[in-house]
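Here the structure is laid out as C-alpha cells; the discussion comes afterwards.
Numbering (the working numbering), first residue to last: 201 to 575.
Right, here's the structure in full:
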C-alpha cells in the first residue's frame, strides 16, 4: 500500500538565520530613516539605507518555506488541507499583529497628537485589522507587506480547491500581470489598492522563493557555496550602490523601444534568490549549525519586525525632545542604543507574548479541532 506520509523535512538552519538577518536589515533601515527625520543625523554613514531589502528577503524566504513544506500536497484537492493551511497561517500572522496594532491604536487614542488624519476612522481600522488592501498604509507601517503575504497565502492555498488545469492558468495570469509592472506606463499605483495587491511586482519574489525550493529539492546542485557567495556578493553590492545613490531604486532602461523600470525585485530579489538556493542546498545536503542566539533571533524575527518601528519612532522623538545628541555629543551612541532597545523589545515580546499565544492557539485549534488524518 502506498504511504501518504509526507517526506521528512530537513531543518534549514541557514534559512532560520536569514529570518533574523532580514528582520535586522529592516530595523537598520528604519533606524537610519528615523534618525534623519527626528535627529537630523545620518546613521552609520547611511550604509543601511538599503535595509528595506530585508522585506524582499522575507518574501523570497516565505515563498521558499511554503513550497518546501507543502510540496508533497501540490495537486491534491482537499478542503481539510485548505482549512488546516489557513488555520496555521491565521495563528501565525493575525493574533500577534492584532496585539501590536491595538497597542499602537491605544497610544494614538491617549496621545492624539501622534495620530495622522484618518488613523482612527472605523473603516480604515477594519481594513487595517483584516489586512485588506487600501490606498493608505495600515496603522502599523509594516502591515502593507503582510497584505502581500496574505495574498500569496491565498493564491497558494487555492491549489487545494482548484484543479491544476484551472489553477495554473490563474497563477500565470497573476504573474504576467506582475511582470507588466516593470513597464512604468502601465504600472498600478496604491490608489487602486486591490489591483496593486494582485499585480504587485513584489509578488514575483514569492514565486522566486517557490522556484528556489523546487530547484533545491529536485536537482542535486553542486556549486552550493558558489551560489551562496555570488548571491550574497550581489545582494550587498547592489545594496551599497542603492544606499549611496549610485543606482536609483527604479532604474529606467529602454529595451526594443519599451521603457522598463528595473526595481527592487532585480536589485534585491534575484540576488536573494541565488543566495537562498545555495544556502538551502548546503542545509539539505551538508547540514549546517548556527549559534543558539542566531536561532533565537530567527524565531523572534516576526515580533522584531512588528514592533521595532513604533519603538524606534518613540525613542527617536524622546531623544530629539531631550536634545540628547547635543548633550551626549555622539548620535551614533544614541542610534545604537535605540536599535538595541527595539530589537531587545522584540525578543522580549516574542518570549512573553508571541510564543505563548501561538502555542496556546495551536494546542486549542490545530490539535484539538482537526483530526490527525487531515494533516
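Every residue, glycine too, gets a C-beta built ideally from N, C-alpha and C.
Practice task
Measure the C-alpha to C-alpha separation of residue 429 and residue 478 and round it to an integer number of angstroms.
Solution key: Against the chain shown, residue 429 aligns to sequence position 229. Against the chain shown, residue 478 aligns to sequence position 278. Between residue 429 and residue 478, the C-alpha separation is close to 8 Å.
Problem - 8 Å contact criterion, which residue 543 and residue 217 should meet: CB distance rounded - result: By 1-based counting over the chain shown, the position of residue 543 is 343. By 1-based counting over the chain shown, the position of residue 217 is 17. The distance from the Cβ of residue 543 to that of residue 217 is about 15 Å, inconsistent with a contact at the 8 Å cut-off.
Problem - Unbroken stretches of the beta strand (DSSP E), 3 residues or longer, contained in the segment 340-401 - result: Taking only runs of at least 3 residues, no beta strand (DSSP E) segment lies wholly in the segment 340-401.
Exercise for the section: Using only alpha-carbon positions, find the residue among 326, 296, 298 and 340 that is nearest to residue 316. Expected result: Counting from 1 along the chain shown, the entry for residue 316 is found at position 116. Of all alpha-carbon atoms in 326, 296, 298 and 340, the one lying nearest the alpha-carbon of residue 316 is that of 340.
Handout entry: Cα-Cα separation between residue 547 and residue 498, rounded to whole angstroms
Key = Taking the chain shown and counting its residues from 1, the one referred to as residue 547 is at position 347. Taking the chain shown and counting its residues from 1, the one referred to as residue 498 is at position 298. Each residue's alpha carbon lies about 10 Å from the other.
Exercise for the section: Express the C-alpha separation of residue 487 and residue 422 in angstroms, rounding to a whole number. Expected result: Your numbering for residue 422 matches position 222 in the chain shown. Your numbering for residue 487 matches position 287 in the chain shown. Straight-line Cα distance between these residues: approximately 14 Å.
Problem - Beta-carbon separation (whole angstroms), residue 351 vs residue 402, contact threshold 8 Å - result: Along the chain shown, one-based indexing puts residue 351 at 151. Along the chain shown, one-based indexing puts residue 402 at 202. No, residue 351 and residue 402 are not in contact; Cβ-Cβ is about 10 Å, not under 8 Å.
Handout entry: Delimiting residues of the alpha helix (DSSP H) encompassing residue 512
Key = Position 312 of the chain shown holds residue 512. Start and end: 501-521.
Exercise for the section: Note the first and the last residue of the continuous alpha helix (DSSP H) segment covering residue 439. Expected result: Position 239 of the chain shown holds residue 439. 424-443 is the span of the alpha helix (DSSP H), which, as asked, contains residue 439.
Practice task
Would you mind stating whether residue 261 and residue 439 have Cβ atoms separated by less than 8 Å?
Solution key: Walking along the chain shown from the start, residue 261 turns up at place 61. Walking along the chain shown from the start, residue 439 turns up at place 239. Going by C-beta atoms, residue 261 is not nearer than 8 Å to residue 439.
Problem - Nonlocal neighbours in the same chain, by C-beta distance under 6 Å from residue 404, ignoring five residues either side - result: Along the chain shown, one-based indexing puts residue 404 at 204. Correct list, in chain order: 378 and 465.
Practice task
Give a single yes or no on whether residue 401 has its beta carbon closer than 7 Å to a heavy atom of the ligand ZN.
Solution key: Of ligands this structure carries none, so the ligand ZN is not represented either.
Handout entry: When 533, 496, 541 and 491 are compared against residue 508, the one with the closest alpha-carbon
Key = Counting from 1 along the chain shown, the entry for residue 508 is found at position 308. Checked all of 533, 496, 541 and 491; the closest Cα to residue 508 is 541.
Practice task
Output the distance between the C-alpha atoms of residue 321 and residue 338, rounded to the nearest integer angstrom.
Solution key: Translated into the one-based positions of the chain shown, residue 321 becomes position 121. Translated into the one-based positions of the chain shown, residue 338 becomes position 138. Taking the straight line from one Cα to the other gives about 11 Å.
Exercise for the section: Taking 8 Å as the threshold, find out whether the segment 321-337 comes into contact with the segment 380-399 through three or more Cβ pairs. Expected result: yes
Practice task
Buried or exposed for residue 268, please, with buried defined as at least 16 other CB atoms from any protein chain shown within 10 angstroms of its CB.
Solution key: As a working mapping, residue 268 is identified with position 68 in the chain shown. A residue is called buried once 16 or more other Cβ atoms fall within 10 Å of its Cβ, and residue 268 is buried on that count.
Handout entry: Straight-line Cα distance separating residue 521 from residue 238
Key = The sequence position of residue 238 within the chain shown is 38, counting from 1. The sequence position of residue 521 within the chain shown is 321, counting from 1. Approximately 9 Å, taken between the alpha carbons.
Problem - Inter-stretch contact (C-beta, 8 Å, three-pair minimum) for the segment 516-535 and the segment 248-257 - result: no
Handout entry: Three-pair Cβ contact test at 8 Å for the segment 230-245 versus the segment 524-531
Key = yes
Exercise for the section: Confirm, please, whether the CB-CB distance from residue 319 to residue 308 is below 8 Å. Expected result: Residue numbering aside, residue 308 sits at position 108 when the chain shown is read from its first letter. Residue numbering aside, residue 319 sits at position 119 when the chain shown is read from its first letter. It is a contact, given that the beta carbons lie within the stated cut-off.
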